[in-house]
Amino acid sequence: MLRKVFVVGVGMTKFAKPGTVGDYPDFAKQAVEEALTDAGIEYNVIQQAVCAYAAGDSTSGQRVLYQIGMTGIPIYNVNNNCSTGSSGLFLAKQLIEGGIIDVALVLGFEKMASGALKGSRFPDRAAATGVHQATMRELTEVTPGPLTPQYFGNAGIEHMKKYGTTEVHFAKIAAKNHRHGAKNPRAQSTRAYTVEEVLSSRKIYGPLTKLQCCPTSDGAGAAILMSEDAVIRNELQHKAVEIIGMEMATDTPSTFQEKSFMKLAGYDMTRLASLRLYAKTGITPKQIDVVELHDCFSCNELITYESLQLCGEGEAGKFIDSGANTYGGQVVVNPSGGLIAKGHPLGATGLAQCAELCWQLRGEAGARQVEDARIALQHNLGLGGAVVVALYRKGFPNHTMLSKL
Numbered sequence: 002m003l004r005k006v007f008v009v010g011v012g013m014t015k016f017a018k019p020g021t022v023g024d025y026p027d028f029a030k031q032a033v034e035e036a037l038t039d040a041g042i043e044y045n046v047i048q049q050a051v052c053a054y055a056a057g058d059s060t061s062g063q064r065v066l067y068q069i070g071m072t073g074i075p076i077y078n079v080n081n082n083c084s085t086g087s088s089g090l091f092l093a094k095q096l097i098e099g100g101i102i103d104v105a106l107v108l109g110f111e112k113m114a115s116g117a118l119k120g121s122r123f124p125d126r127a128a129a130t131g132v133h134q135a136t137m138r139e140l141t142e143v144t145p146g147p148l149t150p151q152y153f154g155n156a157g158i159e160h161m162k163k164y165g166t167t168e169v170h171f172a173k174i175a176a177k178n179h180r181h182g183a184k185n186p187r188a189q190s191t192r193a194y195t196v197e198e199v200l201s202s203r204k205i206y207g208p209l210t211k212l213q214c215c216p217t218s219d220g221a222g223a224a225i226l227m228s229e230d231a232v233i234r235n236e237l238q239h240k241a242v243e244i245i246g247m248e249m250a251t252d253t254p255s256t257f258q259e260k261s262f263m264k265l266a267g268y269d270m271t272r273l274a275s276l277r278l279y280a281k282t283g284i285t286p287k288q289i290d291v292v293e294l295h296d297c298f299s300c301n302e303l304i305t306y307e308s309l310q311l312c313g314e315g316e317a318g319k320f321i322d323s324g325a326n327t328y329g330g331q332v333v334v335n336p337s338g339g340l341i342a343k344g345h346p347l348g349a350t351g352l353a354q355c356a357e358l359c360w361q362l363r364g365e366a367g368a369r370q371v372e373d374a375r376i377a378l379q380h381n382l383g384l385g386g387a388v389v390v391a392l393y394r395k396g397f398p399n400h401t402m403l404s405k406l
């Protein structure tokens, strides 16, 4: 029988413009120490660690963790493109729920180059996303410059043609996330922008303008996971957030065979993972109070509303116009500011999403707190491809109340 898994400590650095916060061993160490302090445990309690980053030498995780303790534990180094951080969470959760260990550390970090993501760092071999690139070239003319805004910009154009979505809908998403990010002191961008300012910023591709694209970032996030026995043994019920369920999916044949930009950008992966998750947990989309969603571009947030079944197919525009995606609406999406405002250090993003949702469920999110948040969803996507979708809730909701009696 699978065991329950809980997050008992989280840490996150302020995400920042590349090259402005030192080297990765320093800021990644900061995130781990914050997570340990949050959980109130020492590093020697950790039995195994998973380190997540998309660029760097193969034992960069050891380079960080050796500063904190050299306890001889297994340390894994994971890379799954932009879903790297949550892939690390997925692996650590499986180690605990399968009874192999009781306590795991997951660390995600990235030190990035300035500017838009470039092509492969290994030009002497086949590109990992080569089939995706070839499929996009079959569907449209690929323009010079970065490919990622073309994947997601084309997905947005397809949605506009099919359902009547407008550029204003995408701009409203970006304005919402910048507005949310203005309340997050750990976000890279803390300035709010109007819809008009978003629309008038520099054009990148299709409906996407600069303020609708996530920036490159340096930063780190960390989480400590425990079994139920370990939570009780360490008296951490007041901190524990249960991972109700977590699903990873990769591309299916439809990604390449159905000649759809939305599917090429991960729509079917997300739908498959979320349907599995809802079926296994018994949670429905209408029960979700807060979501951290992979808004690498505003177009992706819009199509993901539908693939997560937060609204019906073709109804994302109506969902946005009604304010259903923010405070006072059906569900608050990206209270942290999302990738667009918070930033996107690739390996750290999944851990930052986990940290935000834990703070929300504990009632520790300050000015961006979602009222009465009980069920939280995480969505982290990587082209190439992989997606992780997870559901969280407070692990011992009556513990604090009982401890005061």
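Heads up: the sequence shown begins at 2 in the working numbering, then just goes up one per residue. Backbone N, C-alpha and C fix where the C-beta goes; we use that ideal spot for every residue, glycine too.
Quiz item: Going along the chain, which residues of its own chain have a beta-carbon closer than 6 Å to the beta-carbon of S275, five neighbours each way excluded?
Solution: L309, V390
Quiz prompt | Three CB pairs or more closer than 8 Å across the stretch 85-92 and the stretch 28-35 | solution = no
Practice problem: Mark R394 as exposed unless 16 or more other C-beta atoms lie within 10 angstroms of its C-beta, in which case mark it buried. | Solution: Classification of R394: buried, given that the 10 Å Cβ count is 16 or more.
Quiz item: F16 and P150 look like a contact to me (Cβ under 8 Å); what is the Cβ gap, rounded to whole Å?
Solution: Actually they are not in contact, since the Cβ atoms of F16 and P150 sit about 20 Å apart, beyond 8 Å.
Self-check item: Nearest neighbour of G339, chosen from M247, L294, Y306 [CA to CA]
Solution: L294
Quiz item: From K173 to T130, what distance separates their C-alpha atoms?
Solution: 30 Å
Quiz prompt | Pairwise C-alpha distance: R180 and H380 | solution = 20 Å
Quiz item: Roughly how far, in whole angstroms, is the beta-carbon of I225 from the beta-carbon of V9, given that I think they are within contact range, below 8 Å?
Solution: 5 Å
Quiz item: What number of angstroms, rounded off, separates the C-alpha of S202 from the C-alpha of E357?
Solution: 28 Å
Quiz item: What is the rounded straight-line gap between the Cα of V371 and the Cα of D219?
Solution: 27 Å
Quiz prompt | Stretch-stretch touch, CB-based, cutoff 8 Å, three pairs: the stretch 343-350 with the stretch 106-117 | solution = yes
Practice problem: Go ahead and label P216 buried or exposed: buried means 16 or more other beta carbons lie within 10 angstroms of its beta carbon, across all protein chains shown. | Solution: buried
Quiz prompt | Minimum C-alpha distance to C214 - residue among V169, Q134, N301, E142 | solution = N301
Quiz item: Should F397 be counted as a contact of the ligand MG given a C-beta to heavy atom distance under 8 Å?
Solution: This structure does not include the ligand MG; it has no bound ligands of any sort.
Practice problem: Go ahead and pull the three-state DSSP assignment for H380. | Solution: In the structure shown, the three-state DSSP call for H380 is strand.
Quiz item: When the Cα atoms are used, what is the spatial distance from M402 to I97?
Solution: Model confidence at M402 stands at a pLDDT of 37, short of 50, so the residue's coordinates are unreliable; what they give is reported in the following sentence. If I take the Cα positions, the gap works out to 28 Å.
Quiz item: Which term fits R126, buried or exposed, when burial requires 16 or more other beta carbons within 10 angstroms of its beta carbon?
Solution: exposed
Quiz item: If you drop the 5 nearest sequence neighbours on each side, which residues of the same chain put their C-beta closer than 8 Å to that of S115?
Solution: K18, P19, G20, T217
Exercise. Give the secondary structure of F16 by DSSP, where H, G and I count as helix, E and B as strand, and everything else as coil.
Key: Note: F16 maps to coil in three-state DSSP.
Quiz prompt | Top-ranked residue by Cα proximity to V333, from P286, G386, N81, P145 | solution = Among P286, G386, N81, P145, the Cα nearest to that of V333 belongs to P286.
Exercise. Can you grab the Cα-Cα spacing for the pair K264 / S255, in whole Å?
Key: 7 Å
Exercise. For L237, count neighbouring Cβ atoms within 10 angstroms of its own Cβ and tell me buried if that reaches 16, exposed if not.
Key: So L237 ends up on the buried side.
Quiz item: Around the C-beta of T167, are 16 or more other C-beta atoms found within 10 angstroms, so that it is buried, or is it exposed?
Solution: exposed
Quiz item: G157 and I304: beta carbons closer than 9 Å?
Solution: yes
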